[in-house]
Amino acid sequence: MRLDRRLKHRFGIAAAPLAVRRHVAWYWRLPLMVILLTGGIALSWLFYDAGSRFAGLDRGATVDELQRLREKLGSLERENASLRSDGAQSERKMQIEQATQNDLAKTVKTLQDENAQLKEDLTFFRKQMSSDKSDGDLSIYRFKVENTMPGEYRYRLLLLQGGQREREFQGKVQFLVSFTQGGERLVMTLPSTKEAEARAYNLNFKYYQRLEGVFHAEPNAQVKKVQIRVFENGAVQPKLMQTINLS
Numbered sequence: 116m117r118l119d120r121r122l123k124h125r126f127g128i129a130a131a132p133l134a135v136r137r138h139v140a141w142y143w144r145l146p147l148m149v150i151l152l153t154g155g156i157a158l159s160w161l162f163y164d165a166g167s168r169f170a171g172l173d174r175g176a177t178v179d180e181l182q183r184l185r186e187k188l189g190s191l192e193r194e195n196a197s198l199r200s201d202g203a204q205s206e207r208k209m210q211i212e213q214a215t216q217n218d219l220a221k222t223v224k225t226l227q228d229e230n231a232q233l234k235e236d237l238t239f240f241r242k243q244m245s246s247d248k249s250d251g252d253l254s255i256y257r258f259k260v261e262n263t264m265p266g267e268y269r270y271r272l273l274l275l276q277g278g279q280r281e282r283e284f285q286g287k288v289q290f291l292v293s294f295t296q297g298g299e300r301l302v303m304t305l306p307s308t309k310e311a312e313a314r315a316y317n318l319n320f321k322y323y324q325r326l327e328g329v330f331h332a333e334p335n336a337q338v339k340k341v342q343i344r345v346f347e348n349g350a351v352q353p354k355l356m357q358t359i360n361l362s
């Protein structure tokens with residue numbers, strides 16, 4: 116019975132209608148597939164391009180925008196380089212102006228100190244002019260010794276001749292520098308025996324003579340005191356002496 120039912124279902128009135136299909140060779144199918152595939156790709160690209168335009172993603176506009184952004188970036192980079200150059204020049208100018216201001220401040224400070232010293236000297240000179248000291252009296256005014264840097268000492272002083280000052284004073288000065296070095300006490304005499312160095316210590320004045328100079332000691336030496344001696348030409352004993360302590 117089952118076999119009969121299968122046969123009737125397949126070959127009977129209820130069976131599916133017979134379809135006749137035309138056979139197409141494979142070498143015709145291949146071009147047709149290529150054409151269909153190409154059309155599908157083209158159609159997909161059209162749909163993609165239309166969708167991009169609809170969404171505001173126009174490829175041409177995107178390329179133009181990218182080019183515009185690149186040009187803007189280049190312009191900003193050039194502007195940035197120019198600003199850095201201007202900033203460096205401004206910084207150099209500021210440094211130069213700062214250095215100039217510092218130099219001017221130092222110059223003003225030096226001039227103020229010199230002005231104060233000149234005023235004090237003028238007052239002192241007026242007192243000396245009105246004094247009743249006898250002829251030939253000498254005095255040492257403002258004798259100072261400063262340690263400017265290791266091993267270097269700067270001295271300054273003013274020698275005055277009081278009274279009527281009828282003749283010039285001629286002589287020389289001598290410094291005795293007492294210092295300790297390596298636990299030993301030593302004395303250095305200035306000037307030394309060199310003739311060129313000795314000429315800087317000669318005196319020849321009628322009213323006053325200002326002396327300034329520098330002497331050197333070993334950097335590890337400690338200068339304790341400095342004594343100045345004033346000799347008149349031909350004299351063995353000093354006419355005037357003064358000592359200052361440094362430490």
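Positions 116 to 362 (my numbering) are the ones given, in order, by the sequence shown. Just so it is clear, CB atoms sit at the ideal spot from N, CA and C, and this is done for glycine as well.
CA-CA distance, Ala220 to Gly189, rounds to 46 Å. When rounded, the separation of the alpha-carbon atoms in Arg269 and Gln289 is 15 Å.
Closest in C-alpha terms to Gln337, from the list Asn195, Arg300, Leu326, comes Arg300. Taking the CA atoms as reference points, Gln357 sits about 44 Å from Gln213. Here Lys221 carries a helix assignment [DSSP, helix/strand/coil]. The residue from Lys224, Val223, Gln227, Tyr256 with its alpha-carbon nearest to that of Thr238 is Tyr256.
In this structure, Leu355 keeps its C-beta atom at 8 Å or more from the C-beta atom of Val341. DSSP places Lys339 within a strand segment (E or B) once states are collapsed to three.
The DSSP-derived three-state label of Asn360 is strand.
For the 8 Å CB-CB criterion, Leu272 and Phe258 form a contact.
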